[in-house]
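Chemist: Provided herewith is a single structure, encoded as structure tokens, for subsequent inquiry.
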Amino acid sequence: MRFMLIQNYGGVEGDCAPMSQWEPSEVAGHIAFQIGLNTELRTNGELVDAQGLAAPAEARFVVSAGADCEPRVGGDEPSGRELIAGYRIVDVVSIERAIEIAARVSAAPGQGGRAIEQRIEVRQVMQAPEPPQASAG
Numbered sequence: 109m110r111f112m113l114i115q116n117y118g119g120v121e122g123d124c125a126p127m128s129q130w131e132p133s134e135v136a137g138h139i140a141f142q143i144g145l146n147t148e149l150r151t152n153g154e155l156v157d158a159q160g161l162a163a164p165a166e167a168r169f170v171v172s173a174g175a176d177c178e179p180r181v182g183g184d185e186p187s188g189r190e191l192i193a194g195y196r197i198v199d200v201v202s203i204e205r206a207i208e209i210a211a212r213v214s215a216a217p218g219q220g221g222r223a224i225e226q227r228i229e230v231r232q233v234m235q236a237p238e239p240p241q242a243s244a245g
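This is the structure:
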């Protein structure tokens with residue numbers, strides 16, 4: 109079963125300040141934790157992909173009415189919406205294992221080595237149905 113573990117900008121439950129306010133050693137510790145977790149999951153055969161994303165200020169929002177129209181592209185962050193900071197896709201035996209991994213991500217070290225208590229969204233990656241087989245007629 110594949111699951112996407114989604115990390116958003118902000119949205120921490122504890123008193124963790126934004127990473128821009130951390131000491132360089134705290135940022136380095138956080139990144140080392142993330143790399144170590146990815147290495148462990150890759151070794152276990154559970155990691156499909158993991159990526160951090162550019163800051164919300166660099167996001168572009170695209171809306172299109174179809175192939176005959178120019179798309180509308182905006183760069184302003186929509187108010188009241190959480191933006192994705194990064195994700196992991198894991199291939200695990202159960203939702204319980206995906207939740208176990210998400211809990212570890214949520215407890216990644218932040219300022220002073222304390223857990224950041226970030227809210228991690230866990231969503232199953234759905235697979236498209238197989239296309240119908242053409243009859244050999």
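Going by the numbering used here, the letters in the sequence shown line up with residues 109 to 245, in that order.
Backbone N, C-alpha and C define an ideal beta-carbon position, used for all residues, glycine too.
All figures in this text were calculated on a predicted structure; none of them were measured in a lab.
Whose CA, out of LEU161, ALA175, SER172, GLU225, lies closest to the CA of ARG196?
Modeler: Looking at the Cα atoms, LEU161 is the closest of the given residues.
Chemist: State whether the stretch 197 to 207 contacts the stretch 227 to 240, with contact taken as three or more CB pairs (one from each stretch) at a distance under 8 Å.
Modeler: Yes, the stretch 197 to 207 is in contact with the stretch 227 to 240.
Chemist: Please work out which residues of its chain come closer than 6 Å, Cβ to Cβ, to LEU112, disregarding the five sequence neighbours upstream and downstream, and give them in chain order.
Modeler: For the sequence presented, residue 112 should be read as Met rather than Leu. TYR195, ILE197, ARG231, VAL233, listed in sequence order.
Chemist: On the premise that ARG212 lies in contact with LEU155, defined as a C-beta separation below 8 Å, what is that separation, rounded to the nearest angstrom?
Modeler: Going by Cβ atoms, the distance from LEU155 to ARG212 rounds to 13 Å, so no, they are not a contact pair.
Chemist: Taking GLU166 as the reference, give the member of SER133, LEU191, VAL135, PRO132 with the closest Cα.
Modeler: Among SER133, LEU191, VAL135, PRO132, the Cα nearest to that of GLU166 is on LEU191.
Chemist: Please look up how many angstroms separate the CB atoms of PHE141 and PRO217, rounded, as I've assumed it's under 8 Å.
Modeler: So it is a contact: roughly 6 Å between Cβ atoms.
Chemist: Candidates ILE224, PRO239, ASP199: which alpha carbon is nearest ASN257's?
Modeler: With the chain running from 109 to 245 in the structure shown, residue 257 is simply not present.
Chemist: Using DSSP with H/G/I as helix, E/B as strand and the rest coil, what is VAL135?
Modeler: It is helical.
Chemist: For ILE139, is the classification buried or exposed, using 16 other Cβ atoms within 10 angstroms of its Cβ as the cut-off for buried?
Modeler: Flag for ILE139 reads exposed.
Chemist: Per DSSP, what are the beta-bridge partners of ARG196 in this structure?
Modeler: In the DSSP output, where bridge partners are listed per residue, ARG196 has LEU113, ALA158.
Chemist: What distance in whole Å lies between the Cβ atoms of GLN219 and GLU148, which are believed to be in contact at a cut-off of 8 Å?
Modeler: The pair is not a contact, with the Cβ atoms about 24 Å apart (cut-off 8 Å).
Chemist: Can you tell me whether ALA175 is buried or exposed, with buried defined as 16 or more other CB within 10 angstroms of its CB?
Modeler: By the 10 Å Cβ count, ALA175 comes out exposed.
Chemist: Between the Cα of ALA210 and those of ALA158, ASP123, PRO132, spot the shortest distance and give me the residue it belongs to.
Modeler: Ranking the options by Cα distance to ALA210, first place goes to ALA158.
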